[in-house]
Structure formats: C-alpha cells, structure tokens
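Written out below as structure tokens is the structure these notes cover.
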Amino acid sequence: MNANVSAWNFANLLTLFRIILIAPFLFEIYGGRYGAALLIFFIASVSDFFDGYVARRFNQQSKLGQTLDPLADKILTTAAFIVMALPRANFPSIPVWLAIAVVGRDAVILLGSAIVYARTKFKDFKPTTSGKVNTFLELGLIVWFLWFNWMGRFTVILPLCYLIVLSSVLWSGASYIVQGARILADHRVQKKTA
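Numbering (my numbering), first residue to last: 1 to 194.
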C-alpha cells in the first residue's frame, strides 16, 4: 500500500460509484423490476472487479480503499436482503427469516469484533474461508432471485437456495465466533505470561 496515494484516486472513485448504484438497485428491486435491478447489479459487480484491478495495477491502494471496498459490498448485500424480504403486492419476496439470519450474522460479527478490539486492541481481522464462501453464496442468491423471477422460471429452486445460504450463514458465523474466542484466549495467555 502506497501512503502517498490520493484518497480520491480512480480506484476509490469506482468504489464510490458502486455505492451510488445501491440506491437505484434497491429502488428497482422494491418496484419488482428485476431485469433492471439485475443490470445495475451486474454493473456494480464489474466496477467491484475493476476497482481492485486498478488499485493493484496502478498502485492506487489506500487505507480509504481498504475500508470503502468491503463496506460497499456489505452495504449492497445487507440492503438487498432487507429489500428483497419486504412483502409487496404482486411481487415475490425472500423469507424474512433468511434476511434476519444474514443481517444478524453481520451484526454478531461487528459486535464481536468491537468486543475483541476493546479487550485486546487486536484489529488485524481477516476473512475466513467460510466467510468468503458465504459472501459468494449471498451474492449468488441475489442474482438467482432476480434472474429466476425476471424470467418467471426455475423459482421452485429458490427454497433450496435459501437453505444453502442459511447453512452458510450459520457455518461462517460460527467460524468467526471461534476465531474471536481464540484471539481472546491467546490474549489472556499472553497477559498471564507477561
């Protein structure tokens, strides 16, 4: 990471563009315009790929970018699950329990990270393999939900998709809880031996 890189470089502007796309994306989902929502989501995904590529290729990695990029992804997925779960006349929704599980997992991870940091000052949190898989599946479900409902086909597969994502949410959430517990345990051991 280059400390001399401007915060508002092209890579970070692409990330900001992705954040701006969240509002029209959610508006289209809520209105049941799944084809338009899918197109916006595709553009956001392409910008997500390119902001990382530009940052690495042109040495535009910055602390702002390291914070903004995952934050943009998290806002996008969390907001999408909430809006997709809202009941609307004449338009399908995902189960409310799934949206609660997705948002609840993120809230538990955020709260756990805050507790770990408050007790140990540890802040070098890294995503687990299960966490990466979960993010992939959550993003995949957004695409599948929009695609299937836009086409009006294969929607019978969605309940299975919901269960797969729920299993991933529980698995990855548990892995982060274990990771946090290990950090706290290691900290206690270090304090005793210091």
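Quick reminder that beta carbons are idealized off the backbone N, C-alpha and C, glycines included. Please read these numbers as outputs of a predicted model, since none were measured by experiment.
- The C-alpha of His-187 is placed about 42 Å away from the C-alpha of Leu-86.
- Within the model, the alpha-carbon separation for Ala-101 versus Phe-58 is close to 39 Å.
- Judged by DSSP in its simplified three-state form, Phe-91 adopts strand.
- By the beta-carbon neighbour count (other beta carbons within 10 angstroms, threshold 16), Gln-60 is buried.
- Assigned with DSSP and collapsed to three states, Lys-132 falls in helix.
- For Thr-155, no alpha helix (DSSP H) run applies, since DSSP gives it neither H nor E.
- In the pairwise beta carbon analysis, the region 38-45 is classified as not touching the region 102-121: fewer than three pairs are separated by under 8 Å.
- Comparing C-alpha distances from Ala-80 to each of Ser-93, Ala-89, Ser-167, Asp-124 shows the shortest one belongs to Ser-93.
- Less than 8 Å divides the Cβ of Asn-134 from the Cβ of Val-169.
- With fewer than 16 other Cβ atoms inside 10 Å of its own Cβ, Gln-190 counts as exposed.
- Ala-72 is a Cβ neighbour of Arg-18, given a cutoff of 8 Å.
- Under the three-state reduction of DSSP output, Asn-149 falls in the helix class.
- By the C-beta density criterion, Tyr-176 is buried, having at least 16 other C-beta atoms within 10 angstroms.
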